[in-house]
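Residue numbers (full-length UniProt numbering): 1 to 310.
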């Protein structure tokens, strides 16, 4: 009996070692394959003093930028929340023209915080103004966005374009129902030259993230996780550790998390259009109303409604 037990333990150990070796090999190969085409940002060069996450709840500051290395203005700012206990995914978008008090610098547009002090200053700005904890960051260079989309949603993203989109995106997207891939999806989420301006752009970004999640999350994702994480590591700079990423990826693939819940800051009827010579056109917000909305949205307390009205 003892020999049988020892044999079983030995087999389990061999299987575990083989699994780790497979993961490392697949992850490293995927990373090296992509690194040949880009210059990955070294996370060791980024200072970030995030709050320790609550058990089962992770808040990630997601930044989209055209030039990670030069800390140019951030084009997109979101807070993504993963809650493994309640099995919820939430995305809160903060409009880039939100006029906000940036610690040590004074009032600027929200998207200027990244240029002034990188992701950690964005974290401080969010935490000090809205009093919500930020645990990690993830920076996506928009030059890499098409590759990320094609990796996570190889079948493309189905959208219904209400009118021609072309100005400022380097392509023409015709109206109607269609399936978009990589570069086309990038054009779709960046278009802002219509009556909705940046508000429509934020809505399209949230739409695309939700649809990518629906396609990327499946049981098959578990087997592909090493390749997915290795490829993403070449395109996304983040301080989320590998153990946490694996846990999130496996949890999403094996559990029903439902629809992505979304929020936009500022809420309707809580802002006015303003103008300052140094900043240009801005959104002057009712900070207390939007602070409460963001806190309520990211609270781990179960909600009776899915999507907060925007």
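For every residue, glycine included, the Cβ atom is placed at its ideal position computed from N, Cα and C. As the structure is a prediction and not an experimental result, all values here were calculated from the model.
| request: With residue 200 as the anchor, note down where its alpha helix (DSSP H) starts and where it stops. | output: In the chain shown, the residue the question calls residue 200 occupies position 200. Segment 197-216, the alpha helix (DSSP H) holding residue 200.
| Sufficient close CB pairs (3 or more, under 8 Å) joining the stretch 117-133 to the stretch 73-93 | yes
| Residue nearest to residue 300 in terms of C-alpha spacing, selected from 51, 55 and 50 | Stepping through the chain shown from its first residue, residue 300 is reached at position 300. Considering only alpha carbons, the answer is 55.
| What does residue 60 pair with, by DSSP beta-bridge criteria? | Residue numbering aside, residue 60 sits at position 60 when the chain shown is read from its first letter. DSSP, once it has assigned bridges, lists 80 and 136 as partnering residue 60.
| said: If I measure Cβ to Cβ from residue 168 and keep anything under 6 Å in the same chain, skipping five residues before and after, which residues do I get? | reply: As a position in the chain shown, residue 168 is number 168, starting the count at 1. The answer, listed in chain order, is 193.
| Residue range of the alpha helix (DSSP H) that includes residue 249 | For the purposes of this step, residue 249 is taken as residue 249 along the chain shown, with counting starting at 1. Counting along the chain, the alpha helix (DSSP H) containing residue 249 begins and ends at 242-254.
| request: Report the rounded CA-to-CA distance for residue 26 versus residue 232, giving the unit in angstroms. | output: Counted from its first residue, the chain shown places residue 26 at position 26. Counted from its first residue, the chain shown places residue 232 at position 232. Low local confidence applies: a pLDDT of 43 at residue 26 is under 50, so the model's placement there is unreliable, with the coordinate-based value given in what follows. Approximately 13 Å between the Cα atoms of the pair.
| field | Per-residue DSSP class, three states only, for residue 311 | value | Lying before the first or after the last residue shown, residue 311 is absent from the chain, which here runs from 1 to 310.
| request: Return the Cβ separation of residue 84 and residue 205 in integer angstroms, given the expectation that the two are a contact with Cβ distance under 8 Å. | output: Your numbering for residue 84 matches position 84 in the chain shown. Your numbering for residue 205 matches position 205 in the chain shown. Actually they are not in contact, since the Cβ atoms of residue 84 and residue 205 sit about 24 Å apart, beyond 8 Å.
| Per DSSP, cross-strand counterpart(s) of residue 284 | Along the chain shown, one-based indexing puts residue 284 at 284. Beta-bridge pairing links residue 284 to 272.
| message | Only counting the same chain, and skipping five residues up and downstream in sequence, which positions put a Cβ closer than 6 Å to that of residue 165? | response | Residue numbering aside, residue 165 sits at position 165 when the chain shown is read from its first letter. Result list for residue 165: 173 and 191, in chain order.
| request: Please go through the same chain and pick out, in chain order, the residues whose beta-carbon is closer than 7 Å to the beta-carbon of residue 159, but skip the five residues on each side of it. | output: As a working mapping, residue 159 is identified with position 159 in the chain shown. Closer than 7 Å at Cβ, skipping near neighbours: 178, 180 and 188.
| said: Taking 7 Å as the limit between beta carbons, can you name the residues of its chain near residue 6, skipping five residues before and five after? | reply: Counted from its first residue, the chain shown places residue 6 at position 6. A caution first: residue 6 carries a pLDDT of 41, below 50, which makes its placement in the model too unreliable to give a value.
| Local conformation of residue 106 per DSSP, three classes | To locate residue 106, count along the chain shown from 1; it is residue 106. The answer is strand: DSSP assigns residue 106 an E or B state.
| request: Just tell me which of 50, 111 and 88 has its CA closest to the CA of residue 210. | output: In the chain shown, counting from the first residue as 1, residue 210 sits at position 210. Nearest C-alpha to residue 210: 88.
| field | For residue 134 and residue 118, the rounded distance between their alpha carbons | value | Sequence index remark: in the chain shown, residue 118 carries index 118 (1-based). Sequence index remark: in the chain shown, residue 134 carries index 134 (1-based). Looking at the two C-alpha atoms, the distance is approximately 14 Å.
| Where residue 289 falls: helix, strand or coil (DSSP) | Indexing the chain shown from 1 puts residue 289 at position 289. In the structure shown, residue 289 sits in a helix (DSSP, three-state: H, G or I).
| request: Pull up the DSSP beta-bridge partners for residue 165, would you. | output: Sequence index remark: in the chain shown, residue 165 carries index 165 (1-based). The partner list for residue 165 (beta bridge, DSSP) reads 173.
| query | Under 8 Å between C-beta atoms, does residue 164 make it to chain D? | reply | Note that chain D does not occur in the displayed structure, where there is just one protein chain.
| field | residue 91 versus residue 81 - alpha carbon distance | value | For the purposes of this step, residue 91 is taken as residue 91 along the chain shown, with counting starting at 1. For the purposes of this step, residue 81 is taken as residue 81 along the chain shown, with counting starting at 1. Taking the straight line joining both Cα atoms gives about 6 Å.
| task | Alpha carbon to alpha carbon, how far is residue 176 from residue 240? Give it in angstroms, no decimals. | result | Counted from its first residue, the chain shown places residue 240 at position 240. Counted from its first residue, the chain shown places residue 176 at position 176. Their Cα atoms are separated by approximately 38 Å.
| message | Just to confirm the assignment, what range does the beta strand (DSSP E) spanning residue 90 have? | response | Here residue 90 refers to the residue found at position 90 of the chain shown. Looking at the DSSP string, the run of the beta strand (DSSP E) that includes residue 90 is 88-94.
| field | Same chain, Cβ closer than 6 Å to residue 130, neighbours up to 5 away in sequence not counted | value | Here residue 130 is taken as the residue at index 130 of the chain shown, counted from 1. Closer than 6 Å at Cβ, skipping near neighbours: 291 and 294.
| task | Taking residue 285 and residue 98 to be in contact with their CB atoms under 8 Å, please state how far apart those CB atoms are, rounded to whole angstroms. | result | By one-based count along the chain shown, residue 285 stands at place 285. By one-based count along the chain shown, residue 98 stands at place 98. So it is a contact: roughly 6 Å between Cβ atoms.
| CB of residue 157 within 8 Å of CB of residue 185, strictly | The residue given as residue 157 occupies position 157 in the chain shown. The residue given as residue 185 occupies position 185 in the chain shown. Yes; because the gap between Cβ atoms is below 8 Å, this pair is in contact.
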